Amino acid sequence: MNQLQQRTLAFAGICQAIHQVREIARHGKVEEPLLEATVASILNTDPEQPQDVYGDSSLEHGFQVIIDQLGDGQRKDVDLTRYLVGILALERKLSRKPAALAALAERLSQVKRQTHHFALTDEQVLANLASIYADVISPLGARIQVVGNPTHLQRTQNQYRIRTLLLGAVRSAVLWRQLGGKRRQLVLSRKAVVMTAQQALKNQ
367 MNQLQQRTLA
377 FAGICQAIHQ
387 VREIARHGKV
397 EEPLLEATVA
407 SILNTDPEQP
417 QDVYGDSSLE
427 HGFQVIIDQL
437 GDGQRKDVDL
447 TRYLVGILAL
457 ERKLSRKPAA
467 LAALAERLSQ
477 VKRQTHHFAL
487 TDEQVLANLA
497 SIYADVISPL
507 GARIQVVGNP
517 THLQRTQNQY
527 RIRTLLLGAV
537 RSAVLWRQLG
547 GKRRQLVLSR
557 KAVVMTAQQA
567 LKNQ
């Protein structure tokens, strides 16, 4: 993988996580393998190469969101745009706060130990990941307002899932920045990013 492909992969990780947030908020459901893959990406904090963060999981939805949101089509979603802008802003603030980074690493190591005894999508694991987002990430900047069906949003299980997915989006944003990702590239190199996503989607 060249650097653009790696950056696009990480960006697809962000987009896949916020896509799942939208699905839960609007429809109250999420594909379990996608949720599990996002949790796995959060806990993979020391990969040998960028693609190891996502393992064998498909980022099909993430690449499609890139194409829809950055391409020339008419399928842009204002909620996804808001979530994306919010995640990139939170990650930027996180990168400048050593204390928050240290707290994040410590809390994630506790969850890693927990997964020796529980499945990745067990409610206790999701509750702990959700609390990491609420305690460490969310206070760093403007709160991301998730909109959707109030019935779905009021369910405790869905609140855990949404916060876990937002944490997953931040994790991918960290990787994206580490690979040289910058917000201006999404404007100046938009077509190149979209073409890379289209090619990756064909290879899924």
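Under the working numbering, the first residue of the sequence shown carries the number 367, and numbering increases by one thereafter. Glycine residues also receive a C-beta, built at the ideal position from the N, C-alpha and C atoms. These numbers were taken from a predicted model, which means no experiment stands behind them.
**Message:** I'd like to check one pair, Val-536 with Ile-432: are the Cβ atoms closer than 8 Å?
**Reply:** no
**Item:** Residue interval of the alpha helix (DSSP H) (run including Gly-379)
**Value:** 369 to 393
**Request:** Taking Tyr-449 as part of the alpha helix (DSSP H), name the residues at either end of that continuous run.
**Result:** 444 to 461
**Asked** Are the beta-carbon atoms belonging to Leu-579 and Leu-460 less than 8 Å from one another?
**Response** Not covered by the structure: residue 579. The range shown for the chain is 367 to 570.
**Message:** Could you compute how far the alpha carbon of Val-396 sits from the alpha carbon of Leu-533?
**Reply:** 16 Å
**Message:** What does the alpha-carbon distance come out to for the pair Thr-411 and Arg-529?
**Reply:** 18 Å
**Item:** Reduced DSSP secondary structure (H/G/I, E/B, other) of Ala-500
**Value:** helix
**Message:** Going by beta-carbon coordinates alone, are Leu-456 and Gly-507 separated by less than 8 Å?
**Reply:** yes
**Request:** Check whether the Cβ atoms of Gly-379 and Leu-446 sit closer than 8 Å, and answer yes or no.
**Result:** no
**Spatial distance of Phe-429 from Gln-476 (CA atoms)** = 31 Å
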